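Asks:
Numbering (full-length UniProt numbering), first residue to last: 1 to 295.
#1: What's the C-alpha gap between residue 39 and residue 15?
#2: Could you check where the alpha helix (DSSP H) with residue 259 kicks off and where it finishes?
#3: Taking a contact to mean a Cβ-Cβ separation below 8 Å, would you say residue 169 touches residue 76 in this structure?
#4: The alpha helix (DSSP H) that contains residue 54, what's its start and end?
#5: Please tell me whether residue 178 and residue 229 are closer than 8 Å, where the distance is taken between their beta carbons.
#6: Consult DSSP for residue 135 and reduce its assignment to one of helix, strand or coil.
#7: Under the rule that 16 or more other beta-carbon atoms within 10 Å means buried, what is residue 261, buried or exposed?
#8: Work out the CA separation of residue 213 and residue 52 for me, nearest whole Å.
#9: Taking only the alpha-carbon atoms, compute the straight-line gap between residue 88 and residue 37 and give it to the nearest angstrom.
#10: Thinking C-beta only, is residue 90 closer than 8 Å to residue 158?
#11: Find the nearest neighbour of residue 31 within the set 49, 271, 205, 263, judged by alpha-carbon distance.
#12: For the putative contact between residue 297 and residue 136, defined by C-beta atoms under 8 Å, what is the C-beta separation to the nearest angstrom?
#13: Am I right that residue 182 and residue 83 are in contact with their C-beta atoms under 8 Å? What's the rounded C-beta distance?
#14: What do you get for residue 186, buried or exposed, if any count of 16 or more other CB atoms within 10 angstroms of its CB means buried?
#15: Specify whether the region 248 to 264 and the region 17 to 27 touch according to this definition: at least 3 beta carbon pairs, one from each stretch, less than 8 Å apart.
#16: Go to residue 216, then tell me how far its alpha helix (DSSP H) extends in each direction, as first and last residue.
#17: Where does residue 142 sit, in a helix, a strand or coil, going by DSSP?
#18: Express the C-alpha separation of residue 221 and residue 270 in angstroms, rounding to a whole number.
#19: Looking at residue 47 and residue 196, is the spacing between their C-beta atoms short of 8 Å?
#20: Give the single residue among 65, 247, 226, 33 whose Cα lies nearest to the Cα of residue 207.
#21: Could you give the distance in angstroms between the alpha-carbon of residue 152 and the alpha-carbon of residue 99?
#22: Would residue 104 be called buried (16 or more neighbouring beta carbons within 10 Å of its own) or exposed?
#23: Which residue marks the beginning of the alpha helix (DSSP H) containing residue 190, and which one marks its end?
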């Protein structure tokens, strides 16, 4: 991936990650029509494992497989498990606009955490642009927020755990390949969702269309895990976090292509605001890089 210019590499990884996650979520949403949510998570984990293990071998990571269970990798992925368990329950009991909007808190938590834990300087301009991205994401999601319930708290829990996951990922050593971290996340969520299914749900026999959707979701899940981890590994948090809001842009595209839902004028304005915020941050980074080269 060295052919990708360094100043756009991390934002591009985040854009690809959010797109991969959204394709996964779309397939998951279609698969949950007739299947319990934790069962779908369990089957998706099995599918992602079947995709992921051969991929690790093809990439020559056979000797690094024990790193799937390295302490810092497991710590990062336990927070991934907590986030997804909260998210699935919230999504099943809330309007998707509400759960999506609450999820947009994640980048803000990551930025504050990076500043406190790693001493990253954010700056007033970046904070203002990130705030604009957050406003744009809310314009796209357009939450109703009809009452605060335990499910809204779970949606906030998902945002908080996802932020801690990304911060914990910064502690994973450079010697651990990104794909190892991604497959480890798949395995951890597989085990956790299996336990949740056994405790709280009855098994429902999936149909062929369910299995096809879950197989596709498992494949795109791997890429989502891989690229979000790599985005925070190769770029500063302040340059990466705003592109998390691309999730809402992908959600509009999915709604249009899959569910026939057309965005209204407010959503279109929100998309433009998200894009403008991200592109301005990339432009600032490029200007800073050029000034450094001249100096």
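Just so you know, even glycine gets a beta-carbon here, dropped at the ideal spot from N, CA and C.
Please read all numbers here as calculations on a predicted model, not as lab measurements.
Replies: So, to answer that:
#1: Cα to Cα, residue 39 sits roughly 28 Å from residue 15.
#2: For residue 259, no alpha helix (DSSP H) run applies, since DSSP gives it neither H nor E.
#3: For the pair residue 169 and residue 76, the CB atoms are nearer than the 8 Å cut-off.
#4: Secondary structure note for residue 54: its alpha helix (DSSP H) is the uninterrupted segment 37 to 58.
#5: Contact flag set, yes.
#6: In the structure shown, residue 135 adopts helical secondary structure according to DSSP, grouped into three states.
#7: Here residue 261 is exposed. Its C-beta has fewer than 16 other C-beta atoms within 10 Å.
#8: The straight-line gap from Cα to Cα measures roughly 17 Å.
#9: Residue 88 and residue 37: Cα-Cα distance of roughly 7 Å.
#10: Yes, they are a contact pair.
#11: Nearest in C-alpha terms to residue 31, of all of 49, 271, 205, 263, is 205.
#12: Any answer about residue 297 is impossible in this case: the structure gives the chain only from 1 up to 295.
#13: Between residue 83 and residue 182 the Cβ distance is about 15 Å, and since that is not below 8 Å, they are no contact.
#14: The residue is buried, with at least 16 neighbouring Cβ atoms inside 10 Å.
#15: At 8 Å Cβ cutoff, the stretches touch.
#16: Residue 216: member of the alpha helix (DSSP H) spanning 208 to 234, first to last residue.
#17: DSSP places residue 142 outside both helix and strand once states are collapsed to three, so it counts as coil.
#18: Counting only the Cα atoms, residue 221 lies some 26 Å from residue 270.
#19: Contact flag unset, no.
#20: The residue with the shortest Cα to Cα distance from residue 207 is 33.
#21: Spanning the alpha carbons of residue 152 and residue 99 requires a straight line of approximately 7 Å.
#22: Under a 10 Å Cβ-count criterion, residue 104 is classified as buried, with 16 or more other Cβ atoms of the shown protein chains found around its own Cβ.
#23: Residues 178 to 200.
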